[in-house]
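Going by this note's numbering, the residue at position 387 of the sequence shown is 701; the numbering climbs one at a time, nothing skipped.
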Amino acid sequence: MSHYPGVQNIAKDAFSPLDCWKLFFDNAFLEEIVRCTNKFILVNRDEKKKDLNEKYTDLAELRALCGLLYMCSMYGNNFLSPADLWRTDGTGIEIFSLTMSYTRFQFLSRSLNFDDIKTRPTRKEQDKLAQVRTMTEMFLQNCQKVFSVSDLVSIKEKYEPFQGKCSFKQYLPNSTKKYGVKFYTALDAIMFYTFNFEIDVPNQVEGEHKVDNSPESVVLRLCTPVLHEGRTVICDHPYATPLLAKKLLSKQTYLVGRWDRHEQAIPKHFASAKQWGSRKRIQVGYTEDVTLVATLKKKSCLVTASTRPDENPDELNTLVSTVHDMVDRVTDSHDSITVNTPGTRWPMLVFYFLLNTAATNALIISRCNGNDVTSRRDFIRDLSMSLCHDHLVARLLCESVPITMKARIAKITKSQIPTVALECPPTSRHRCQECPSKKNRKTTNICKHCRKFLCIEHLVKICGSCYEQ
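Written as structure tokens, this is what we have:
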């Protein structure tokens, strides 16, 4: 191996949830999203309609949006309408309305873009993943440079349900959602750290992005970052094949997995339970490079193959079963808290997948660095609040935010409400903004917070110390 397994030096100082998360969603990554989103807003917004909810976004607000998406996942967004989280009748959750309005949240969710909208038509003719290609490549680079996986690597398929318009969505026979996007993922079989993934696009446009989707080619592409280092790839049928075993061996990488018992490379009598003795439960066979183990199970047999030298046949089947069971259990537990807000844009589905992967990898980095994290739920809660913090503090300076809301923000962020001092008192008289227009009351008094012109009737006298509290 070129690096010792575990956290690399670039990530050794990351302890808090936010610091670990920034390893994957760094400033360059987020600034690219902000740039593309603002360009989309510029092209599509109506200049005649001056709506504050359609203004440009920035880095702090984008992080706050990610924080709210994580917070939605904690409250079961698959069974709850997002609008219910912003309710102000006592049934909503306060942090959502304090961070941004529901209208702004909807606008940002619709406007998020991950590529240049002006050059998109040309790039889409050559690549069906053009809208997310740059984003996914930057994310994978960050995943692979901060963590070195162990000697066991697992390959797993993952389906993300999606009902919107997408040219490469597939039918999901074992899901209630019926249709979705298929991801191939490669992860550390011991720490469950995802270091590589690929989106399955069977009908990709002919060109440089058109790839072979055969099982052998998929595994080789996913394992490219860890080849030639003596690691072991653990996968199941249909990915584990004799052809894949030979290709991996040529790249100094081993394969452990279950083969299809009808493979031509397997002798018929070896994989046929009827030809075994009445008391025989296991058979072992050897070739020059491969160890085959056939195990009887419910009048059939499972054929497990390994190209690792000095392999113990008795432990081979247990190793594959244990790894697959552990990976399935961990991924299922992570799926219970997942960002997957219903929508009609498939690029947002990919973005949600990246958010979920970043949260899982950040949790692993935090634990490896010595942070005692009790549960994934607590980690995501702390991460959500940290992502919203900078935007909440910025809202304390916003004149349109009510003083009652600023008081709650100040308490949550442990900040002080800034006092807005007038550089010079207004010299011209203006009409009171609380009185009916027919009264036509003129005044020079102005509120320190909302900056409204108010007459004596609508002013309240308060001392400086009480005002600061």
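Beta carbons are placed, not taken as given, at the ideal position from N, Cα and C, and that holds for glycine.
Q. If you run the structure through DSSP and keep just helix, strand and coil, what is D646?
A. Under the three-state reduction of DSSP output, D646 falls in the helix class.
Q | Where T632 falls, given that 16 or more other Cβ within 10 Å makes a residue buried | A | Counting Cβ neighbours within 10 Å, T632 comes out exposed, since fewer than 16 surround it.
Q. Is it a yes or a no for the segment 422-438 touching the segment 710-726, going by three-plus beta-carbon pairs under 8 Å?
A. Contact between the segment 422-438 and the segment 710-726 is absent, because fewer than three Cβ pairs lie under 8 Å.
**Q.** Whether V348 touches L373 by CB criterion (7 Å)
**A.** In contact: V348 and L373 (Cβ atoms closer than 7 Å).
Q: Using DSSP bridges, identify the partner residues of S468.
A: Answer is L501 and I548.
Q: Mind reading off the beta-carbon distance from M388 to I760? Whole number of angstroms is fine, and I expect it under 8 Å.
A: Taking a contact as a CB-CB distance under 8 Å, the pair M388 and I760 does not count as one, their CB atoms being some 42 Å apart.
Q.
Judging by CA-CA distance, which residue of K766, F338, D686 and Q730 is the nearest neighbour of C746?
A. The shortest C-alpha to C-alpha distance from C746 to any of K766, F338, D686 and Q730 is the one to K766.
**Q.** Where A554 falls: helix, strand or coil (DSSP)
**A.** Three-state DSSP puts A554 in coil, outside helix and strand.
Q. If you pair each beta-carbon of the segment 406-426 with each one of the segment 505-515, do three or more pairs fall below 8 Å?
A. With contact defined as three or more Cβ pairs closer than 8 Å, the segment 406-426 and the segment 505-515 are not in contact.
Q. For L344 versus L376, is the C-beta spacing smaller than 7 Å?
A. A contact, by the Cβ cut-off of 7 Å.
Q. Considering only C-alpha positions, which residue in the set N685, N488, V707 and F461 is nearest to K472?
A. Out of N685, N488, V707 and F461, N488 has the C-alpha closest to the C-alpha of K472.
(Q) According to DSSP, simplified to helix, strand and coil, what is H638? (A) In the structure shown, the three-state DSSP call for H638 is helix.
Q: Would you mind giving the Cβ-Cβ distance between L466 and I548, rounded to the nearest angstrom? I have them listed as a contact below 8 Å.
A: Rounded, the Cβ-Cβ distance is 6 Å, consistent with contact.
Q. Below 7 Å between beta carbons: does that hold for S620 and L610?
A. Not closer than 7 Å, so no.
**Q.** Enclosing beta strand (DSSP E) for V515 [first to last residue]
**A.** Secondary structure note for V515: it is in no beta strand (DSSP E), with a DSSP letter that is neither H nor E.
Q | Delimiting residues of the beta strand (DSSP E) encompassing G571 | A | Where G571 is concerned, the enclosing beta strand (DSSP E) starts and stops at Y568 to W573.
Q. Is DSSP giving R437 helix, strand or coil here?
A. DSSP, read as helix, strand or coil, puts R437 in helix.
Q) Taking only beta-carbon atoms, is F329 less than 7 Å away from chain B? A) The structure shown has no chain B; it contains just one protein chain.
Q: Would you mind working out which of Q458, C749, V687 and P661 sits nearest F482, comparing C-alpha positions?
A: Closest by alpha carbon: P661.
Q: Let me know the beta strand (DSSP E) ranges lying completely inside the segment 708-779, each 3 residues or longer, listed in chain order.
A: Counting whole runs of 3 or more residues, the segment 708-779 contains no beta strand (DSSP E) stretch at all.
Q) If you draw a straight line from the alpha carbon of D340 to that of C702, how long is it in whole angstroms? A) Looking at the two C-alpha atoms, the distance is approximately 16 Å.
**Q.** Backbone CA spacing between D526 and R709 [nearest angstrom]
**A.** Distance between the alpha carbons of D526 and R709: 50 Å.
**Q.** C-alpha gap between T718 and N367, whole angstroms
**A.** Taking the Cα positions, T718 is about 21 Å away from N367.
Q: Could you name the residues of the same chain whose beta carbon sits closer than 7 Å to that of C537, not counting the 5 residues immediately before and after it, in chain order?
A: For C537, where only same-chain residues beyond five positions count, the Cβ hits under 7 Å are V467, A500, V547 and T567.
Q) Would the beta-carbon of S586 fall within 7 Å of that of Y384? A) In this structure, Y384 does not lie closer than 7 Å to S586 by Cβ.
Q: Could you check the C-alpha separation between K762 and V664 for me, to the nearest Å?
A: Roughly 45 Å between the two C-alpha positions.
**Q.** Spatial distance of Q730 from K438 (CA atoms)
**A.** Each residue's alpha carbon lies about 49 Å from the other.
Q. How would you label C457, buried or exposed, when you count the other beta carbons within 10 angstroms and need 16 or more for buried?
A. C457 should be labelled buried.
Q) Per DSSP, L606 is paired with what? A) Beta-bridge pairing links L606 to G599 and A619.
Q | Which listed residue (N683, R691 and T658) has its alpha carbon closest to that of N670 | A | Nearest to N670 by C-alpha distance, out of N683, R691 and T658, is R691.
Q. Taking the alpha-carbon positions, what's the P552 to W573 distance?
A. So the two alpha carbons sit approximately 7 Å from each other.
Q: Find the nearest neighbour of L422 within the set L379, C334, K561 and N683, judged by alpha-carbon distance.
A: When only C-alpha atoms are compared, the closest one is L379.
Q: Would you identify the three-state DSSP class for Q484, choosing helix, strand or coil?
A: If DSSP states are grouped into helix, strand and coil, Q484 belongs with the strands.
Q. What residue does the alpha helix (DSSP H) around Q455 start on, and which one ends it?
A. Residues R447 to V460.
Q. In whole angstroms, what separates the C-alpha of F354 from that of Q440?
A. If you take the alpha carbons of F354 and Q440, they lie about 21 Å apart.
Q: Taking only the alpha-carbon atoms, compute the straight-line gap between H744 and V707 and give it to the nearest angstrom.
A: H744 and V707: Cα-Cα distance of roughly 31 Å.
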